[in-house]
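J.:
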């Protein structure tokens with residue numbers, strides 16, 4: 001017997017925007033109430049999409065693979081949280097359309113931060129290397145990032161604490177009927 005419908009909660013944003021941080025906070029809030037699974041972009045690249053590069057075609061294929069796994073889980077009542085850069089709007093929209101065709105709710109959250117903030121918090125130095133031309137095809141520097149046009153929620157990770165973004169996303173899930181009740185963040 002299923003207590004809650006499965007869904008896909010897709011967090012998109014540039015590298016370092018806070019997708020993983022917010023997704024872990026969401027899991028902590030939702031796991032006591034329902035089945036939840038996190039598909040983190042870095043882990044997916046290691047295990048599911050190993051061998052894919054960073055061309056547009058490979059990035060689109062990575063998003064399709066994540067979307068397929070998310071749909072398989074969601075159709076069995078799991079709340080799937082995806083935290084992946086997924087830079088191209090068309091591939092995110094493709095996953096949304098595939099989910100809709102299967103009756104699976106898809107909620108898109110844009111984790112937004114200015115490039116200056118991303119550079120300032122970049123502990124790995126990836127933006128510095130990308131700006132120096134040492135890393136090719138780096139999203140937001142030498143490759144595009146296409147922000148969602150109509151996400152269900154926007155979280156400004158450079159201007160608000162994680163708890164504010166967390167509360168906003170939980171409110172969207174509650175309003176959509178995807179979670180019955182949510183403990184205070």
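Numbering (my numbering), first residue to last: 1 to 185. For each residue, glycine too, the CB sits at the ideal point set by N, CA and C.
Measuring straight from C-alpha to C-alpha, what distance separates residue 99 and residue 132?
T.: Rounded to whole angstroms, residue 99 to residue 132 spans 39 Å at the Cα level.
J.: Residue 135 by DSSP, collapsed to three states: which one?
T.: Three-state DSSP puts residue 135 in coil, outside helix and strand.
J.: Do residue 35 and residue 178 come within 8 Å of each other at the CB atom, strictly closer than that value?
T.: Contact flag unset, no.
J.: Compare the beta carbon distance of residue 115 and residue 29 with 8 Å and say whether it is the shorter of the two.
T.: Not closer than 8 Å, so no.
J.: Please state the DSSP three-state secondary structure of residue 143.
T.: Three-state result, residue 143: strand.
J.: For residue 67 versus residue 7, is the C-beta spacing smaller than 8 Å?
T.: No, Cβ-Cβ distance for residue 67 and residue 7 is not below 8 Å.
J.: Beta-carbon within less than 6 Å of residue 18's beta-carbon, same chain only, minus the 5 sequence neighbours each way: which residues are those?
T.: The answer, listed in chain order, is 111, 157.
J.: Under a Cβ-count criterion, where at least 16 other Cβ atoms within 10 Å of its own Cβ denotes burial, should residue 208 be classed as buried or exposed?
T.: The shown model of the chain, from 1 to 185, leaves out residue 208, and the question about it has no answer.
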